[in-house]
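In what follows, a single structure is set out as structure tokens and then discussed.
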Amino acid sequence: METYLTLVNAAHPLKDEDRRKLEEHLMPADENFPEILMEETAARALRALLRELGAEGQIVPVSGYRTMEEQTQIYEDSLRENGGEFTKKFVALPGCSEHQTGLAIDLGLCKEEIDFICPDFPYEGICQEFRQMAPDYGFVERYPAGKEAVTGIGHEPWHFRYVGRPHARIMTDRGLVLEEYLGK
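Written out as structure tokens, the structure is:
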């Protein structure tokens with residue numbers, strides 16, 4: 049599906065027609081978190097990956113699809129609580145967030161308290177195993193370290209984007225982020 053490669057960032061705001069196409073097909077990313085939605089193909093792939101990994105209950109969805117209103121509220125709250133520098137680095141402008149496509153998911157280790165903006169998703173254990181398997185299920189770590197100048201977003205080890213197969217495998221094997229893969 050062409051929309052799986054939709055680039056959304058400050059230079060490429062989400063088009064209303066793309067948003068509407070994706071919004072028609074939302075479902076819970078995890079049955080235990082029915083309020084966290086994703087585009088249905090992405091949600092099914094995430095569920096399959098977590099099941100194959102045996103990570104259900106260990107890795108949990110923190111944030112999925114967001115409406116324009118939700119993204120605006122998150123952005124404004126972060127500005128107020130964390131300041132402009134932090135917010136610019138970790139929170140996309142409303143209309144410029146991949147979460148508004150339903151194709152992005154923030155994941156965290158299951159803990160009593162999980163930071164909504166920067167959940168814990170280390171490069172070890174079950175989280176690293178998830179990263180290694182993610183491309184085979186159509187997911188890429190969207191904002192890897194060292195690519196901040198390309199993506200315009202700080203390193204977010206918890207943020208994964210569904211781009212589909214084989215794109216995820218090609219991007220991962222070549223060390224490309226979506227901007228590089230699409231040549232934009």
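Under our numbering, the first residue of the sequence shown carries the number 49, and numbering increases by one thereafter.
Cβ atoms here follow ideal geometry from the backbone N, Cα and C, with glycine treated the same way.
Counting only runs that start and end within the region 170-215, where is the beta strand (DSSP E) found for 3 or more residues in a row? At a cut-off of 3 residues, the continuous stretches assigned as beta strand (DSSP E) that sit fully inside the region 170-215 are 187-191 and 204-210.
Since L85 and G112 should fall inside the 8 Å C-beta cutoff, what is the C-beta to C-beta distance between them, to a whole number of angstroms? In the sequence shown, residue 85 corresponds to position 37, counting from 1. In the sequence shown, residue 112 corresponds to position 64, counting from 1. At roughly 5 Å, the Cβ-Cβ gap stays under 8 Å, so L85 and G112 are in contact.
Which value, in whole angstroms, describes the spacing of the CA atoms of E100 and Q176? The sequence position of residue 100 within the sequence shown is 52, counting from 1. The sequence position of residue 176 within the sequence shown is 128, counting from 1. Taking the straight line joining both Cα atoms gives about 14 Å.
Is the number of C-beta pairs between the region 213-223 and the region 132-142 that are closer than 8 Å three or more? no
Residue from L70, E160 and I165 whose Cα sits closest to the Cα of D154: Position 106 of the sequence shown holds residue 154. The shortest Cα separation from D154 among L70, E160 and I165 belongs to I165.
Note down, in chain order, each residue of its chain lying with its Cβ closer than 7 Å to the Cβ of E228, except the 5 sequence neighbours on either side. Counting from one through the sequence shown, the residue named residue 228 turns up at place 180. Here the set comprises V198.
So, G186 versus A77, is the Cβ gap smaller than 9 Å? By 1-based counting over the sequence shown, the position of residue 186 is 138. By 1-based counting over the sequence shown, the position of residue 77 is 29. No.
If you follow the alpha helix (DSSP H) that G143 is in, where does it begin and where does it stop? For the purposes of this step, residue 143 is identified with residue 95 of the sequence shown, where counting begins at 1. Counting along the chain, G143 falls outside any alpha helix (DSSP H), and DSSP gives it neither H nor E.
Quick one: using the 10 Å Cβ neighbour count with 16 as the cut-off for buried, is A59 buried or exposed? Here residue 59 refers to the residue found at position 11 when the sequence shown is read from its first residue. So A59 ends up on the exposed side.
Which residues bound the alpha helix (DSSP H) around E117? Taking the first residue of the sequence shown as 1, we reach residue 117 at position 69. Its alpha helix (DSSP H) spans residues M116 to N130.
Please report how far the alpha carbon of E88 lies from the alpha carbon of T51, in whole angstroms. Indexing the sequence shown from 1 puts residue 88 at position 40. Indexing the sequence shown from 1 puts residue 51 at position 3. Rounded to the nearest angstrom, the two C-alpha atoms are 13 Å apart.
Cβ atoms of P183 and R213: under 9 Å apart, would you say? Within the sequence shown, the letter at position 165 stands for residue 213. Within the sequence shown, the letter at position 135 stands for residue 183. Cβ atoms of R213 and P183: closer than 9 Å.
State buried or exposed for K195, treating a residue as buried only when at least 16 other CB atoms are found within 10 Å of its CB. The residue given as residue 195 occupies position 147 in the sequence shown. So K195 counts as buried.
Spatial neighbours of G150 in its chain, beta-carbon cut-off 6 Å, leaving aside the 5 residues before and after: In the sequence shown, residue 150 corresponds to position 102, counting from 1. Within the same chain, G150 has close Cβ partners L70, L74, M86, E87 and Y113.
Cβ-Cβ distance between M181 and G143 below 9 Å: Here the question's residue 181 lines up with position 133 in the sequence shown. Here the question's residue 143 lines up with position 95 in the sequence shown. Not in contact: M181 and G143 (Cβ atoms no closer than 9 Å).
Mapping the DSSP letters down to three states, classify D64 as helix, strand or coil. Within the sequence shown, numbered from 1, the residue matching residue 64 stands at position 16. Here D64 sits in helix by DSSP.
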